[in-house]
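**Q** Protein chains in written order, with this note's numbering: chain Y, 30 to 535; chain D, 286 to 620.
Note that beta-carbon positions come from the ideal geometry of N, C-alpha and C, so glycine has one too.
Let me begin by handing over the structure; questions about it come next.
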Amino acid sequence: MIRHSKTPFYLATTLLILAGLLLAVLRHLQMGVPWLPGEQQPVWLVEARIDFQAWGEPVSVDLNIPDQPPGFYTLTEQAASPGYGFAITEHQGDRRAEWTIRDAAGHQTLYFKTRLIPDQYASEPRLEPGPIKPAEIFLEEPDTTAARTLLQQAEARSSDAASLTRELIALLTSDTPDQNTRLLLSDAELASTLYQLLNFGGIPARIADGIQLEDARRQQPLQPWIQIHDGDRWLTFNPRTGVQGVPEDVLLWRQAEGSLLDVVGGTDSIVRFSMLRQTVPALQIVRAEANERAFGSLSLYQLPVEQQGMFRMLLLLPFGALVVCLMRILVGIKTSGTFMPVLIAVAFVQTSLLPGLAAFISVVTLGLLMRGYLSSLNLLLVSRISALIILVLFITAGISIIGYQMGFSTGMTVTFFPMVILAWTIERMSILWEEEGAHEVLIQGAGSLLVAILAYLVMRAPLAEHISFNFPELHLVVLGIILLLGQYTGYKLTELRRFAPMKRYK
Amino acid sequence: MMFDWISPRALNRRGMLSMNKRNIDYIARYNDRSAYPLVDNKLKTKLVVDECNVASPKLLQVVSEQHEIGHFRERVADLDGFAIKPAKGSGGKGILVIVGRDGDDFVKPSGSKVSLEEIERHLTNILAGLYSLGGSPDVAVIEALVRSDPRLARYSHEGVPDIRIVVFKGYPVMAMLRLATHASDGKANLHQGAVGVGLNLANGQALNAVQFDRPIEFHPDNGLKLADIRIDNWHYLLNMASRCYEATGLGYMGVDLVVDETQGPLLLELNARPGLAIQIANGQGLLPRLKAVEALKRPHLTPEERVHWSMVRAGAENIPEPERWTPALEPMYQI
Chain Y
30 MIRHSKTPFY LATTLLILAG LLLAVLRHLQ MGVPWLPGEQ QPVWLVEARI
80 DFQAWGEPVS VDLNIPDQPP GFYTLTEQAA SPGYGFAITE HQGDRRAEWT
130 IRDAAGHQTL YFKTRLIPDQ YASEPRLEPG PIKPAEIFLE EPDTTAARTL
180 LQQAEARSSD AASLTRELIA LLTSDTPDQN TRLLLSDAEL ASTLYQLLNF
230 GGIPARIADG IQLEDARRQQ PLQPWIQIHD GDRWLTFNPR TGVQGVPEDV
280 LLWRQAEGSL LDVVGGTDSI VRFSMLRQTV PALQIVRAEA NERAFGSLSL
330 YQLPVEQQGM FRMLLLLPFG ALVVCLMRIL VGIKTSGTFM PVLIAVAFVQ
380 TSLLPGLAAF ISVVTLGLLM RGYLSSLNLL LVSRISALII LVLFITAGIS
430 IIGYQMGFST GMTVTFFPMV ILAWTIERMS ILWEEEGAHE VLIQGAGSLL
480 VAILAYLVMR APLAEHISFN FPELHLVVLG IILLLGQYTG YKLTELRRFA
530 PMKRYK
Chain D
286 MMFDWISPRA LNRRGMLSMN KRNIDYIARY NDRSAYPLVD NKLKTKLVVD
336 ECNVASPKLL QVVSEQHEIG HFRERVADLD GFAIKPAKGS GGKGILVIVG
386 RDGDDFVKPS GSKVSLEEIE RHLTNILAGL YSLGGSPDVA VIEALVRSDP
436 RLARYSHEGV PDIRIVVFKG YPVMAMLRLA THASDGKANL HQGAVGVGLN
486 LANGQALNAV QFDRPIEFHP DNGLKLADIR IDNWHYLLNM ASRCYEATGL
536 GYMGVDLVVD ETQGPLLLEL NARPGLAIQI ANGQGLLPRL KAVEALKRPH
586 LTPEERVHWS MVRAGAENIP EPERWTPALE PMYQI
């Protein structure tokens, strides 16, 4: 006989297990799939409310809305606006919500709601390769000279666009402003001064509108943030402090050149923001995000919901198989049919335990009684099993009807048991009874049920259900464990009792 | 006694072979899959061991088709005793032994009667594969009844006692006598309640006895002292078992022999997955013996040499030295 070295096997199995674990960790980190079921994740609900007076003419309102704001992932967007037509348009990086109506008069209120998840992976500004031209700025004397001087000062202390911006902010927000700074700030706000200076200095810059997120705040004002383009992406700076980057609690609502709100056919328009912090199950978010992440295309959320439900069940089978392996290899419990217990356990999952157990035992008992009669008919095996399948069908129907008449809807659950499996179980039990006696039938029957119940409990555990569906790669780990179990040459638990008489010898 | 346990360390110290280790390290490693049909099919076993001069009970007829069952009645008309076996049956399942006639009925070893219809139904079940592994269609083998040597038969209750010898790579490594009891319904099957009596490999003398894996001293039905048993022709029996290795090529197997009162030792069946209870019956583990055979640098080539090695290892003295067989250096026949 050829004896293969076991080393490659153990190596491969270890790799299998490691690969499963690694993929699961990656999925957790990449997609944020939670390890435990029922984990919650915060979600910000931000609402923009637009009020204006309509003139009784066709009205068209359009509002700039967040377009992949750094640090957030947009979960849902919705507009509430009775009577208005609504659409989201995108034009040259300017994402806008548009409301239109043929005729409106008097006070109008429109709502736009968006739900956003804080997302650390989206905090890096996304790539938008240029070239982007700086806006054309026309300054008059003496502003031109002041601007040049300031830019020269800042340039002298910086190496690139980002550091130049920081230096400019430092100069503009200095506690002891010099003449030039005072001159430039005298007729414009800080952010727009900065905008002008940067573009004047040849650095593409724009002003973004940010909202400070605080739970249950209403009528929050927008704050200006300055963004410069470094050739690859837009970098955000706080014009008040000079700090680069967007803080976690700031949502950049508008990151485009266009205006925040345009109203045609009305006056006195105002937009106000309010916000609310909610929590939703983390899984719900993962599911919504799945389409867009690289890992998402490898997940089961892509499947239609109906198939997902089926897979949810199928993916539990490996756990059932693992339980059977453990019970047979390590414990040594006798079952009738190797994987019959798993199939019963699957049926239990659908019927729930006690009704399922009652239904199973009654069907098998009745079936055994009827099989006794079949046995005396001297039939061929195939037709005997076939007859048994039909009888099992009658028994199931009978139990369902009687159960229903008596007011137990649980009677119906019996239909979840696979008929053929039931028929074979009855046949095997019956043969076992004739050959080895009732004792063996009880031992194997009880063993099968015990393993089935254990498999059911494992498959029913919320954690198992969660892990098996959301981390399908962990089945590689189960596979690895099963392969290793297949190499177990030690004693079974039952052998410790079986071989107990050996204590007398030696 | 319900919670009587032995520690794994104690079992290891006694060299007890476990079910998992037997399956992985012995059956899977030493038994070639392709040789299984030889032992799983009693008809094939008969033919293959016959070539190696191992005798087995006389084959009376084979029923392989449903319509042949109708002729069964005529063919058994003049037979008093016979045994019906499923060719692919395992663990003694589906074996029906008839020892005599009572009018139209047939008598089982227990004395209970079976009608011809029941026997025909039994044949139908066998053909449909009820007793075969995996339920595949089977044939029924009808053999001449083995009438056990009375010196052994008196220890057995309503059934033929058989001798199980575990043969590893052709070396007999452990043996036991299996005696039918009332509980086992005349079958020499340990898990059905037969008594297992461990036998000393050196001389065929009884060592310990167990029933249902628990030690006993006397036969539960006839009260005979089991320690008195000593098998005759022990050397011959071991040789017969060892020859089955050449016949099948199975490295790890159980050889079941019976001693017929007229024909002497006969091979009943071979088993590619012999059970572990033999260790309890012997009060010793199999592992040290299996490892000793595995450690042999130069295996013996003839059954006689192997049996000699096994018996000497078990402590036998004054047994004839077998002829040492060495391969010829020159071709035997030169033109």
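Would you check if the distance between the CB atom of residue 298 (chain Y) and the CB atom of residue 115 (chain Y) is smaller than 7 angstroms?
**A** No, they are not a contact pair.
**Q** Using the Cα positions of residue 422 (chain Y) and residue 448 (chain Y), report the straight-line distance between them to the nearest angstrom.
**A** The alpha-carbon atoms of residue 422 (chain Y) and residue 448 (chain Y) are separated by roughly 7 angstroms.
**Q** Contact between the region 123-130 of chain Y and the region 53-72 of chain Y: three or more CB pairs below 8 angstroms?
**A** Touching, no.
**Q** If you run the structure through DSSP and keep just helix, strand and coil, what is residue 432 (chain Y)?
**A** Residue 432 (chain Y) falls in the helix class under three-state DSSP.
**Q** Taking Cβ positions only, does residue 599 (chain D) come closer than 7 angstroms to chain Y?
**A** Chain Y, which has no Cβ nearer than 7 angstroms to the Cβ of residue 599 (chain D), makes this no.
**Q** Hey, which unbroken runs of the beta strand (DSSP E) at 3 residues or more fall wholly within the region 93-178 of chain Y?
**A** Listed in chain order, the complete beta strand (DSSP E) runs (minimum 3 residues) inside the region 93-178 of chain Y are 101-109, 114-120, 123-147.
**Q** Skipping 5 residues on each side, what residues in its chain have a beta carbon closer than 8 angstroms to that of residue 570 (chain D)?
**A** The answer, listed in chain order, is 296, 299, 300, 301, 302, 564.
**Q** Going by alpha carbons, who is nearest to residue 112 (chain Y) out of Y:134, Y:98, Y:382?
**A** Cα-wise, what sits closest to residue 112 (chain Y) is Y:134.
**Q** Name, please, each residue of chain D whose Cβ falls closer than 7 angstroms to the Cβ of residue 382 (chain Y).
**A** Under the 7 angstroms cutoff, chain D gives no residues; its nearest Cβ is about 28 angstroms from residue 382 (chain Y).
**Q** Whole angstroms is fine: what's the gap from residue 345 (chain D)'s alpha carbon to residue 366 (chain D)'s?
**A** Distance between the alpha carbons of residue 345 (chain D) and residue 366 (chain D) is about 11 angstroms.
**Q** Note down the Cα distance separating residue 180 (chain Y) from residue 196 (chain Y), rounded to an integer number of angstroms.
**A** Between residue 180 (chain Y) and residue 196 (chain Y), the C-alpha separation is close to 9 angstroms.
**Q** Express the C-alpha separation of residue 397 (chain D) and residue 506 (chain D) in angstroms, rounding to a whole number.
**A** Going from the Cα of residue 506 (chain D) to the Cα of residue 397 (chain D) covers about 17 angstroms.
**Q** What is the C-beta distance between residue 260 (chain Y) and residue 83 (chain Y), in whole angstroms, given that I count them as a contact (C-beta under 8 angstroms)?
**A** Rounded, the Cβ-Cβ distance is 45 angstroms, inconsistent with contact.
**Q** Taking only beta-carbon atoms, is residue 531 (chain Y) less than 7 angstroms away from chain D?
**A** Yes, residue 531 (chain Y) counts as interfacial toward chain D.
**Q** From the DSSP output, in three-state form, read off residue 569 (chain D) for me.
**A** In the structure shown, residue 569 (chain D) sits in coil (DSSP, three-state: anything other than H, G, I, E or B).
**Q** Just to confirm, are residue 194 (chain Y) and residue 146 (chain Y) a CB contact at a threshold of 7 angstroms?
**A** In this structure, residue 146 (chain Y) does not lie closer than 7 angstroms to residue 194 (chain Y) by Cβ.
**Q** Kindly indicate the opening and closing residues of the beta strand (DSSP E) around residue 387 (chain D).
**A** Taken as a continuous stretch (DSSP letters only), the beta strand (DSSP E) holding residue 387 (chain D) covers 385-387.
**Q** Between which two residues does the beta strand (DSSP E) harbouring residue 281 (chain Y) extend?
**A** 279-283 is the extent of the beta strand (DSSP E) around residue 281 (chain Y).
**Q** So, is the C-beta of residue 299 (chain D) closer than 7 angstroms to a C-beta in chain Y?
**A** Closer than 7 angstroms: yes.
**Q** Would you list the one or two residues that DSSP bridges to residue 307 (chain Y)?
**A** DSSP output for residue 307 (chain Y) lists Y:72 as bridge partner(s).
**Q** Please classify residue 515 (chain D) as buried or exposed, where buried requires at least 16 other C-beta atoms within 10 Å of its C-beta.
**A** Residue 515 (chain D) is exposed by the Cβ-count criterion.
**Q** Taking residue 488 (chain D) as the reference, which of D:369, D:324, D:513, D:358 has the closest Cα?
**A** Checked all of D:369, D:324, D:513, D:358; the closest Cα to residue 488 (chain D) is D:513.
**Q** Quick check: is the beta carbon of residue 400 (chain Y) nearer than 7 angstroms to any beta carbon in chain D?
**A** Not one chain D Cβ lies under 7 angstroms of residue 400 (chain Y).
**Q** With DSSP collapsed to three states, give me the class of residue 378 (chain D).
**A** Looking at residue 378 (chain D) - three-state DSSP - the assignment turns out to be coil, as it is neither helix nor strand.
**Q** Please confirm if residue 524 (chain Y) has its CB atom under 7 angstroms from at least one CB of chain D.
**A** So, interface residue.
**Q** Indicate whether at least one CB of chain D lies closer than 7 angstroms to the CB of residue 155 (chain Y).
**A** Cβ-Cβ to chain D under 7 angstroms: no for residue 155 (chain Y).
**Q** For residue 484 (chain Y), report the span of its beta strand (DSSP E) as first-last.
**A** It is not in any beta strand (DSSP E) - residue 484 (chain Y) instead sits in the alpha helix (DSSP H) that spans 467-489.
**Q** Exposed or buried, which one is residue 462 (chain Y) when buried takes at least 16 other CB atoms within 10 Å?
**A** The residue is buried, with at least 16 neighbouring Cβ atoms inside 10 Å.
**Q** Check whether chain Y comes within 7 angstroms of residue 499 (chain D), counting only Cβ atoms and requiring the distance to be less than that.
**A** By this cut-off, residue 499 (chain D) is an interface position.
**Q** Kindly list the residues whose CB is nearer than 7 angstroms to the CB of residue 343 (chain D), restricted to its own chain and excluding five residues on each side of it in sequence; keep chain order.
**A** So the list reads 428, 429, once near-sequence residues are dropped.
**Q** On the premise that residue 341 (chain D) lies in contact with residue 535 (chain D), defined as a C-beta separation below 8 angstroms, what is that separation, rounded to the nearest angstrom?
**A** In fact, because the Cβ distance is near 16 angstroms, the residues do not count as touching under 8 angstroms.
**Q** Ordered along the chain, which non-local residues of its own chain (more than five positions away) have a Cβ less than 7 angstroms from that of residue 481 (chain Y)?
**A** Correct list, in chain order: 370, 373, 374, 377.
**Q** Candidates D:330, D:441, D:409: which alpha carbon is nearest residue 412 (chain Y)'s?
**A** Residue D:409 is the option with its Cα nearest to residue 412 (chain Y).
**Q** Could you check whether the region 373-380 of chain D touches the region 468-477 of chain D, counting it as contact only if at least three pairs of C-beta atoms, one from each stretch, sit closer than 8 angstroms?
**A** Yes: the two stretches touch, three or more of their Cβ pairs being nearer than 8 angstroms.
**Q** Can the beta-carbon of residue 361 (chain Y) be found less than 7 angstroms from the beta-carbon of residue 532 (chain Y)?
**A** For residue 361 (chain Y) and residue 532 (chain Y), no; Cβs fall outside 7 angstroms.
**Q** Residue range of the alpha helix (DSSP H) that residue 349 (chain Y) falls in?
**A** Unbroken alpha helix (DSSP H) run through residue 349 (chain Y): 346-354.
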